[in-house]
Amino acid sequence: MRVLVINSGSSSLKYQVRETSTGELLLSGLVEEIGSGEVPDHGAALDLVEEHLQAEFGGDPELEAVGHRVVHGGERFSAPVMIDYEITRAIERLAPLAPLHNPAHALGIRAIMRKWPKLPQVAVFDTAFHRTLPEHAWRYAVPNELYTEHGVRRYGFHGTSAQYVTARAAELLNVPVNRFDGIIAHLGNGASITAIKGGRSIDTSMGYTPLAGLVMGTRSGDVDPSVLTQLMIRGEYTAEQLDTLLNKDSGLKGIAGTNDMRAVIARAAEGDEEAELALAIASYRVQKYIGAYHVAVGGAQALIFTAGIGENSWQFRERVCEGLGAIGVKLDRMANVEKSREPRVVSTEDSAIAVLVVPTDEEAAIADQTAELVTAAGPHDTGRH
Ligand code: AMP
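In this note's numbering, each residue carries its 1-based index in the sequence shown increased by 358.
Take a look at the structure:
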């Protein structure tokens with residue numbers, strides 16, 4: 359099936375066209391500066407997408423479905439859904455949980471409804487895969503009303519990636535996915551770690567928002583919440599300033615001055631102490647979560663590295679694994695430095711936990727899930743364009 363995958367932001371729209379029967383990426387692009395004079399709204403952005411598609415495919419791009427990446431599915435969505443008006447409203451109503459993302463997704467969905475009203479649309483939620491967390495993992499130890507009145511709980515993100523990587527890892531190890539217990543370290547500019555038991559997510563490091571957990575490019579990850587309340591009580595910072603500080607100016611950038619892991623590693627190798635400290639804090643945080651999740655899953659079969667840093671940085675993988683001797687992890691240092699785009703094992707044969715590198719592909723996962731749902735929904739008139 360030929361699927362248009364859309365990631366609709368407030369001022370940008372990323373898109374890909376994928377053929378799901380072959381897994382092929384046919385085309386990709388990005389429209390930026392939506393809201394500016396040249397691209398006044400998402401409808402205008404979509405006109406540019408259409409032009410690109412027509413130029414590439416020569417007239418009718420023969421799209422059969424659209425799959426949207428939707429950041430927040432709240433408590434309601436535990437799987438992809440076919441989009442209609444009510445679903446679009448529901449995505450919009452989750453705006454308090456994802457103010458930067460969900461309203462922008464709804465704009466993209468509505469623009470497509472107007473342009474290609476007959477094309478089936480599917481929403482794939484970044485939170486959905488984590489709806490299997492047990493309550494003791496998703497509840498915070500705060501008064502109940504924060505949950506019942508305000509929806510304060512762990513939601514978790516990067517779920518589409520975690521689900522995709524779980525399936526690839528189980529394939530690689532030749533175990534049925536529902537027998538697969540592992541730990542997924544999704545280490546990109548945003549970073550999270552997920553505990554997988556029987557192929558399902560049972561805990562994950564991001565929380566109510568993507569700020570929690572690991573040290574990221576510009577996000578702090580876990581900090582004592584009193585840091586915030588004390589600084590506000592003392593009148594040193596406003597809530598907005600702290601929000602920016604923790605989301606945009608912390609993490610690798612806060613300590614080493616850059617959110618680019620390549621630069622941090624290069625500087626640390628030259629003896630830069632701040633870069634070295636940033637690496638030490640970030641890798642130690644990952645190790646702590648691995649220890650915790652090894653217990654949570656009852657003994658992991660595999661530890662999987664994915665996303666920009668996880669896939670590409672042999673140095674960071676080595677730093678993390680060096681601290682895991684106590685749980686029997688033995689990295690194969692030669693295999694670890696080899697470059698490849700394929701899922702692969704980088705641990706020794708006698709490692710108690712297999713260490714894997716599995717490239718993630720959220721767009722492929724969204725396209726596949728979209729095709730699956732649209733096929734299951736039965737024949738439809740796509741009003742092809
Ligand atoms: P992502 O958000 O998944 O695109 O990942 C972005 C992060 O991956 C950035 O911190 C990059 O510096 C990092 N990255 C990409 N390639 C490499 C590499 N070869 N070595 C180290 N870090 C890398």
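Note that beta-carbon positions come from the ideal geometry of N, C-alpha and C, so glycine has one too.
This structure is a prediction, so every number in the text was calculated from the model and none was measured.
Q.
Strictly closer than 5 angstroms from CB to any heavy atom of the ligand GTP: give me those residues in the order they appear in the chain.
A. Looking for the ligand GTP in the displayed structure turns up nothing; the ligands present are the ligand AMP.
Q. Can the beta-carbon of Asp580 be found closer than 8 angstroms to that of Ala570?
A. Yes, the Cβ-Cβ distance between Asp580 and Ala570 is below 8 angstroms.
(Q) Going residue by residue through the region 656–688, where are the continuous beta strand (DSSP E) segments of at least 3 residues, counting only ones entirely within it? (A) 660–664
(Q) Taking the alpha-carbon of Ala725 as reference, which of Gln479, Val653, Ala495 and Glu634 has the nearest alpha-carbon? (A) Gln479
Q.
I'd like the ranges of any alpha helix (DSSP H) spanning at least 4 consecutive residues and lying wholly in the region 583–650.
A. 584–591, 597–606, 609–614 and 619–627
Q) So, is Met692 buried or exposed, given that buried needs 16 or more other C-beta atoms within 10 angstroms? A) exposed
Q | Runs of beta strand (DSSP E) wholly within the region 446–498 (minimum 3 residues, chain order) | A | Counting only runs of 3 or more, we get 479–483.
Q: Per DSSP, which residues does Arg427 bridge with? Please list them.
A: Val482
Q: With Ser559 as the anchor, note down where its beta strand (DSSP E) starts and where it stops.
A: Ser559 -> beta strand (DSSP E) spans Arg558 to Thr562.
Q. Apart from the five residues on each side of it in sequence, which residues of its chain come closer than 8 angstroms, Cβ to Cβ, to Gly681?
A. Ser641, Tyr642 and Gln645
Q. Nearest to Gly393 by alpha carbon, out of Ile441, Ser369, Leu384 and Ser386?
A. Ser369
Q: Could you give the DSSP three-state label for His516: helix, strand or coil?
A: His516 falls in the coil class under three-state DSSP.
Q | Spatial distance of Leu455 from Asp708 (CA atoms) | A | 45 angstroms
Q: Verify whether the separation of the beta carbon atoms of Tyr522 and Glu720 is less than 8 angstroms.
A: Contact: yes.
**Q.** Closest by C-alpha distance to Ala520, when choosing among Gly575, Ile551, Gly395 and Ala734
**A.** Ile551
**Q.** Bounding residues of the alpha helix (DSSP H) (the contiguous stretch that carries Asn502)
**A.** Asn502 to His508
Q) Which whole-angstrom value is the C-beta distance of Met590 and Leu603, which I expect to be below 8 angstroms? A) Cβ-Cβ separation between Met590 and Leu603: approximately 12 angstroms, too far for a contact (criterion under 8 angstroms).
(Q) What does the Cβ neighbour count give for Gly686, buried or exposed, with the cut at 16 atoms within 10 Å? (A) exposed
Q. How is Met692 classed by DSSP in three states: helix, strand or coil?
A. helix
Q: Find the nearest neighbour of Leu371 within the set Pro438, Ala462 and Ile662, judged by alpha-carbon distance.
A: Ala462
Q.
Could you check whether the region 620–638 touches the region 540–556, counting it as contact only if at least three pairs of C-beta atoms, one from each stretch, sit closer than 8 angstroms?
A. no
Q. Taking just the CA atoms, how far does Arg497 sit from Pro737?
A. The alpha-carbon atoms of Pro737 and Arg497 are separated by roughly 41 angstroms.
**Q.** Inter-residue Cα distance where the pair is Gly546 and Gly517
**A.** 14 angstroms
Q) Where Arg376 and Pro419 are concerned, what is the direct C-alpha to C-alpha distance, given to the nearest angstrom? A) 11 angstroms
Q. With DSSP run on the structure shown, which of helix, strand or coil describes Ala543?
A. strand
Q: Let me know if Tyr373 comes out buried or exposed under the rule of 16 or more other beta-carbons within 10 Å of its beta-carbon.
A: buried
Q. Asp539 and Gly649: beta carbons closer than 8 angstroms?
A. no
Q) From Tyr647, Lys611 and Gln659, pick the residue whose C-alpha is nearest to that of Ala636; which is it? A) Lys611
Q. Under the DSSP definition of a beta bridge, which residues are partnered with Glu382?
A. Glu382 is bridged by DSSP to Glu377.
Q. Who pairs with Val363 in a beta bridge, going by DSSP?
A. Gln374 and Gly425
Q | Reference Asn460, options Thr524, Ala527, Ala448 and Val439, closest by Cα | A | Ranking Thr524, Ala527, Ala448 and Val439 by Cα distance to Asn460 puts Ala448 first.
Q) Would you report the Cα separation of Asn605 and Asp442, rounded to the nearest angstrom? A) Across the structure, Asn605 and Asp442 are spaced so that their CA atoms are roughly 33 angstroms apart.
Q. By Cβ distance below 7 angstroms, which residues in the same chain neighbour Arg511 in space, the five residues on each side in sequence not counted?
A. Trp496, Arg497, Tyr498, Tyr505 and Tyr566
Q: Tell me, please, whether the region 479–491 touches the region 429–443 by the rule of three or more beta-carbon pairs shorter than 8 angstroms.
A: yes
Q | Own chain residues within Cβ distance below 7 angstroms of Ala453, not counting five before or after | A | Asn460 and Pro461
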